[in-house]
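Asks: Mapping of the sequence shown onto our numbering: position 369 corresponds to residue 435, and the numbering continues sequentially without gaps. The beta carbon of each residue, even a glycine, is placed where N, CA and C say it ideally should be. Have a look at this one before I ask anything.
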Amino acid sequence: MSVIGIDFGNESCYVAVARAGGIETIANDYSLRATPSCVAFSGQNRLLGVAASNQMVTNMKNTIHGFKRLLGRTTNDPHVINEIKHLPYQTQSLPNNQIGIKVNYMNEDHVFTPEQITAMLFTKLKDTSEQALKTKVNDCVISVPFYFTDSERRALLDAAQIAGLNVLRLMNETTATALTYGIYKQDLPEPDDKPRNVIFVDCGHSALQVSAVAFNKGKLKMLATASDPNFGGRDIDAILVEHFCKDFETRYKINPRTNPRALLRLRTEAEKLKKQMSANSTKLPMNIECFMDDKDVHGDMKSELEVFPQNHQVPFSKMLTFYRRENFAIKAFYNCDVPFPNKEIGQFVIKEVKPTPDGESSKIKIKARVNLHGIFAITSASLVEKKESAEEEMPMDVASPENGTALQSAGAEPMDQQAPENGEGDDGKEKKDSKKKKQVTKTLDLPIEAYTHGYSQKVLNDYHEQECKMVANDKQEKERADARNALEEYVYDVRGRLGEEEDLGAFIVAADKEKFVKVLDDMENWLYEEGEDCSRHVYVEKLNELKAVGEPIKARKMECECRNAALEELAHRIMMAQKVTGQYRSGDEKYTHIPEADVAKVEESMNNCTKWLEENRALLHACPKTQNPPVTVAAIKEQTKVGYFAVILVFVCRTVRVD
């Protein structure tokens, strides 16, 4: 079972796996390494990745993209309010101000959360990985921006769980970038030498991240990180789009801002122009046909700036001590500015707290930590109890007999001993148990109720079940589409070949061919009319009906093409056998050790093969191409095998003699 790494971006995703001594990026079903972060819905199924991106213009309201920036947020979040202004699909507020994305799926209105949409994309990436690796994939590592808050990280983990993925770690993108740089570097300073400091600038589709990292052999240290979560490549695209909107408004008297589909096309072309300008310093054109109001538009731009390149945080834990008499709550907040409106991380209620026996506050120890995913949690709480216990010490009397000591140990009274007359030895000889007090510390684990961002386990299970149903529906729809395509392909293939006399046309009677072509034409019309949306088994039945007529025709053609070679092979084997037996009859020393009876059997077998060949060759010659042959190529090959085996058994296996 392999572990995959997912680079989850706002515009596209990449999947990689470690194998064959390196890191291999897995290509998707379109032979592309980048899979667009798009999910589209139609009347029959879902489209994921490249397929969804390809029909974004024609199915704009049901094609979901840019959902990464909605994870773990609420509808009253200023960031979300600004983000959805630029999204073509509909959103709505769900209970607890959660974001809902409204789409039309299976000809019904559905509302999905950003976490569910992300899970659908992860399902596609998981399926792509399994097809490439030929094994099941469950474990993964997902990269996230280092500024992702606790809520956003929990939302991403929820999405992965819905998709059936076990996240081993959420790794900061800055750390992943540094690892990629350092893992192959062979010239890094030694561990005790001065480190090499490197600055990484990651300008993504919607955010900018910068990190400073110190490298030594075998280790790296994140020195500093900075980011702008609201600036990325799409903002440069927006500037270009705004420029061309004003230009077209002046020259063509059209306003692309009023037409969402035209604006989307312009944004796509502007992005292409930006990429071309990054590699060219000349003026580059941009042409869009039938842009708006049946008008073709043209624009151009020249790059005036060129950039010439020159040749983290670690999870921690902390122990906190509280003194409480009853249950209490701990609230966790960010102590610095974060790109999130609510600085509260969550609330953790410590339960079953009780005072000490004398009514004082109990000592409560709390362990708080940030885990591998960068998520804060109260991982344990324990109540510390201190008690004094009395320990009995057995008195030792050297003057007592051994049996007296044994009786005292058993709990019986020892025998009286004679005391001195002056009475001074009474205290020294008196049997009195002495007690020494010892302090014992006990810890009692306390239950913790966490109230954090994210879904409950029940909701996640419901979403996972819903995702499994949609995956099953996608599979069923794919099988239905494949069956329909197979039927359509068979109609076109057989009908075209029947029209050629040198192909299938010569192997069917003219009258039957005319009827069959009519059946094929009717099947084509049915496919594009009432057969447009039938179930899979209907297409399979129709295909089997056509194959009942078409496959025998194909078989006759194949028999005709392969028959001569098979007959020649059989004749050649007979000739070779006759040559060997002739050498035996002429007294060749190589075969003198072979018994006469065995050679006679070979001659009889070859005579039978010769007779079989002559009879069936005549039958085959008399059989027209439009009828099934009386003898198949398989039967000819079997006859060749039988005759040749007899020769091998006698003349080859017995040629080696033991002297």
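(1) Please report whether the beta-carbon of Ile396 lies at a distance below 9 Å from any beta-carbon of chain B.
(2) Tell me the DSSP secondary structure of Ser68 in three-state form.
(3) Taking the alpha carbon of Tyr521 as the reference point, which residue from Arg139, Gly299, Lys397, Ser428 has its own alpha carbon closest?
(4) Assuming Asp259 and Asn238 form a contact by the criterion Cβ under 8 Å, report the distance between their Cβ atoms to the nearest whole angstrom.
(5) Alpha carbon to alpha carbon, how far is Arg262 from Lys287? Give it in angstroms, no decimals.
(6) Between which two residues does the beta strand (DSSP E) carrying Phe582 extend?
(7) If you draw a straight line from the alpha carbon of Gly109 to that of Thr124, how long is it in whole angstroms?
(8) Roughly how many angstroms lie between the CA atoms of Thr201 and Val69, to the nearest whole one?
(9) Where does Asn170 sit, in a helix, a strand or coil, going by DSSP?
(10) Under 8 Å from any heavy atom of the ligand COA, does the C-beta of Val585 make it?
(11) Can you tell me where the beta strand (DSSP E) holding Phe357 begins and where it ends?
(12) Let me know the secondary structure DSSP gives Asp294 once reduced to three states.
(13) Quick check on DSSP: helix, strand or coil for Asn377?
(14) Cβ atoms of His603 and Gln227: under 9 Å apart, would you say?
(15) I need the DSSP call for Thr215, collapsed to helix, strand or coil.
(16) Could you please give the first and the last residue of the uninterrupted beta strand (DSSP E) stretch that includes Met126?
(17) Tell me, which residues are paired with Cys626 by DSSP?
(18) Can you list, in chain order, the stretches of the alpha helix (DSSP H) that have 4 or more residues and sit fully within the segment 507-565?
(19) Could you tell me the distance, in whole angstroms, from the CA atom of Gln413 to the CA atom of Ala443?
(20) Would you tell me roughly how many angstroms separate the C-alpha atoms of Asn76 and Glu426, rounded to the nearest one?
(21) Inspect the CB distances between the segment 401-420 and the segment 508-517 and report whether three or more fall short of 8 Å.
(22) Going by alpha carbons, who is nearest to Gly298 out of Arg327, His364, Pro211?
(23) So the candidates are Lys584, Asn551, Ala547; which of them puts its Cα closest to the Cα of Gly565?
(24) Going straight from the alpha carbon of Ala100 to that of Asn353, what length do you get?
(25) Buried or exposed: which applies to Gln705, given that a residue is buried once 16 or more other Cβ atoms fall within 10 Å of its Cβ?
(26) Could you tell me if Val557 is buried or exposed, where buried requires 16 or more neighbouring beta carbons within 10 angstroms of its beta carbon?
(27) Skipping 5 residues on each side, what residues in its chain have a beta carbon closer than 8 Å to that of Gly494?
(28) Return the residue from the list Asn346, Cys311, Pro405 that minimises the CA-CA distance to His364.
(29) Over what stretch of residues does the beta strand (DSSP E) that includes Gln726 continue unbroken?
(30) Can you tell me which of the three DSSP states Leu160 falls into?
(31) By Cβ distance below 7 Å, which residues in the same chain neighbour Pro326 in space, the five residues on each side in sequence not counted?
(32) Measure the CB-CB distance between Asn232 and Cys269 and report whether it falls below 9 Å.
(33) From the DSSP secondary-structure annotation, give me the bridge partner or partners of Ala434.
(34) Count the other CB atoms, across all protein chains shown, that sit within 10 Å of the CB of Asp175; report buried if there are 16 or more and exposed otherwise.
(35) For Glu90, which beta-bridge partners are listed by DSSP?
(36) What's the call for Ser601, buried or exposed, on a 16-neighbour Cβ count within 10 Å?
Replies: Taking the geometry as given:
(1) Among the protein chains of the structure shown there is no chain B, as only one such chain exists.
(2) For the purposes of this step, residue 68 is taken as the residue at position 2 of the sequence shown. Ser68: strand per DSSP, three-state reduction.
(3) The residue you call residue 521 lines up with position 455 of the sequence shown. When each option's Cα is compared against that of Tyr521, the closest is Arg139.
(4) Here residue 259 corresponds to residue number 193 of the sequence shown, with the count starting at 1. Here residue 238 corresponds to residue number 172 of the sequence shown, with the count starting at 1. Contact doesn't hold; Cβ gap of about 26 Å is too wide.
(5) Here the question's residue 287 lines up with position 221 in the sequence shown. Here the question's residue 262 lines up with position 196 in the sequence shown. Approximately 10 Å between the Cα atoms of the pair.
(6) Sequence index remark: in the sequence shown, residue 582 carries index 516 (1-based). No beta strand (DSSP E) holds Phe582; the alpha helix (DSSP H) holding it covers 576-593.
(7) The residue you call residue 109 lines up with position 43 of the sequence shown. The residue you call residue 124 lines up with position 58 of the sequence shown. For Gly109 and Thr124, the distance between alpha carbons rounds to 14 Å.
(8) To locate residue 201, count along the sequence shown from 1; it is residue 135. To locate residue 69, count along the sequence shown from 1; it is residue 3. Between Thr201 and Val69, the C-alpha separation is close to 11 Å.
(9) Position 104 of the sequence shown holds residue 170. Strand.
(10) Ligands displayed in this structure: none; no statement on the ligand COA is therefore possible.
(11) Along the sequence shown, one-based indexing puts residue 357 at 291. Unbroken beta strand (DSSP E) run through Phe357: 350-358.
(12) Taking the first residue of the sequence shown as 1, we reach residue 294 at position 228. Asp294: strand per DSSP, three-state reduction.
(13) Counted from its first residue, the sequence shown places residue 377 at position 311. Caution applies to Asn377, whose pLDDT of 40 falls short of 50 and renders its modelled position unreliable; the value that the coordinates give is listed next. DSSP places Asn377 in coil when its eight states are reduced to three.
(14) For the purposes of this step, residue 227 is taken as residue 161 along the sequence shown, with counting starting at 1. For the purposes of this step, residue 603 is taken as residue 537 along the sequence shown, with counting starting at 1. No, these two residues do not count as a Cβ contact at 9 Å.
(15) By one-based count along the sequence shown, residue 215 stands at place 149. Coil at Thr215, not helix or strand.
(16) What you label residue 126 is simply residue 60 of the sequence shown in a count that begins at 1. Bounds of any beta strand (DSSP E) do not take in Met126, whose DSSP letter is neither H nor E.
(17) The count along the sequence shown starts at 1 and reaches residue 626 at position 560. For Cys626, which the question treats as bridged, DSSP gives no partner whatsoever.
(18) 523-564
(19) Taking the sequence shown and counting its residues from 1, one reaches residue 413 at position 347. Taking the sequence shown and counting its residues from 1, one reaches residue 443 at position 377. Cα to Cα, Gln413 sits roughly 9 Å from Ala443.
(20) Walking along the sequence shown from the start, residue 76 turns up at place 10. Walking along the sequence shown from the start, residue 426 turns up at place 360. For Asn76 and Glu426, the gap between their C-alpha atoms comes out near 54 Å.
(21) Contact between the segment 401-420 and the segment 508-517 is present: three or more C-beta pairs spanning the two stretches fall below 8 Å.
(22) By one-based count along the sequence shown, residue 298 stands at place 232. Ranking the options by Cα distance to Gly298, first place goes to Pro211.
(23) Taking the sequence shown and counting its residues from 1, one reaches residue 565 at position 499. It is Lys584.
(24) Indexing the sequence shown from 1 puts residue 100 at position 34. Indexing the sequence shown from 1 puts residue 353 at position 287. CA-to-CA, the gap between Ala100 and Asn353 works out to about 26 Å.
(25) Walking along the sequence shown from the start, residue 705 turns up at place 639. Counting Cβ neighbours within 10 Å, Gln705 comes out buried, since at least 16 surround it.
(26) If you number the sequence shown from 1, residue 557 lands on position 491. When all chains shown are included, Val557 counts as buried.
(27) The residue labelled residue 494 in the question sits at position 428 within the sequence shown. Confidence is the limiting factor: at Gly494 the pLDDT is only 47, short of 50, which leaves the residue's position unreliable, though a coordinate-based value still follows. No residues qualify anywhere along the chain.
(28) In the sequence shown, counting from the first residue as 1, residue 364 sits at position 298. Taking His364 as reference, the option from Asn346, Cys311, Pro405 with the minimal CA-CA separation is Cys311.
(29) This structure leaves residue 726 out entirely; the chain is present only between 67 and 725.
(30) Position 94 of the sequence shown, counted from the start, is the residue given in the question as residue 160. Three-state DSSP puts Leu160 in coil, outside helix and strand.
(31) As a first step, residue 326 must be located in the sequence shown, where it is residue number 260. Only Met126, Pro154 meet the Cβ criterion.
(32) Residue mapping note: residue 232 aligns to position 166 of the sequence shown, counting from 1. Residue mapping note: residue 269 aligns to position 203 of the sequence shown, counting from 1. Cβ distance not < 9 Å, so Asn232 and Cys269 don't count as in contact.
(33) What you label residue 434 is simply residue 368 of the sequence shown in a count that begins at 1. Its beta-bridge partners are Lys384, Ile444.
(34) As a position in the sequence shown, residue 175 is number 109, starting the count at 1. Asp175 counts as exposed, since fewer than 16 other beta carbons sit within 10 angstroms of its beta carbon.
(35) Locating residue 90 in the sequence shown gives position 24, counting from the first residue. Answer is Val83, bridged to Glu90.
(36) Position 535 of the sequence shown, counted from the start, is the residue given in the question as residue 601. Exposed: under 16 other Cβ atoms inside 10 Å.
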